[in-house]
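Residue numbers (this note's numbering): 107 to 215. For glycine and all other residues, C-beta sits at the position ideal for the given N, C-alpha and C.
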Amino acid sequence: MGGHLKLRCPGARGRRLLSIGTRDGLLQRGTDGDRAEALELVDCLANLAPAGGSVMLDLMLLRLRALQARSHGDGPAYGELVCRYGAMAESLGFDGHVAWAEEMTQRRQ
């Protein structure tokens, strides 16, 4: 399996991981139940990191944790996480993620 992430969040939970940060996803809807489920799913995703880490997983977790902070109304944490997400994306040359971070910064203002 060298270097590949294997989804260890079975069934519906694994499929829900894909909808956490989408426009229609759990964090966008923002109900208490959705936020609780998103927290559980992000924790599940965080536990997928292979030995030695995964840059892509770390990047996605920064984005998802920023969305969680915004969903909970935590503006300072949201701003800090978006800043870290954007800086990491830029350092890696991931233009799509840089654009997402810029969009997230605009939503904050």
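Cα-Cα separation, residue i to residue j
| i | j | result |
| --- | --- | --- |
| L266 | A155 | With the chain represented from 107 up to 215, any question about residue 266 goes unanswered, as that position is not in the structure. |
| D130 | G158 | Low confidence applies to D130: its pLDDT is 47, below 50, so where it sits in the model is not reliable, and the reading given next is rough at best. Using only the alpha carbons, I get a separation of about 33 angstroms. |
| N153 | Q212 | 30 angstroms |
| G202 | T137 | 28 angstroms |
| R141 | E209 | 21 angstroms |
| D180 | F200 | 26 angstroms |
| H178 | R171 | 11 angstroms |
| R169 | G139 | 20 angstroms |
Own chain residues within Cβ distance below 7 angstroms of residue i, not counting five before or after
| i | result |
| --- | --- |
| A207 | V188, Y191, G192 and A195 |
| A175 | A183, Y184 and L187 |
| L145 | Q174 |
Extent of the continuous alpha helix (DSSP H) run through residue i
| i | result |
| --- | --- |
| G185 | G181 to L198 |
| A142 | D138 to A152 |
| S177 | V161 to S177 |
Short Cβ contact (8 angstroms threshold) for residue i with residue j
| i | j | result |
| --- | --- | --- |
| C173 | L151 | A quick correction: the sequence has Leu, not Cys, at residue 173. No. Outside cutoff. |
| L198 | V161 | yes |
Close beta carbons around residue i, own chain, < 6 angstroms, minus the five adjacent residues each side
| i | result |
| --- | --- |
| L163 | A155 |
| V204 | A195 and E196 |
Same chain only: Cβ atoms within 8 angstroms of residue i, ignoring 5 sequence neighbours per side
| i | result |
| --- | --- |
| L165 | Y191, M194, A195, L198, F200 and H203 |
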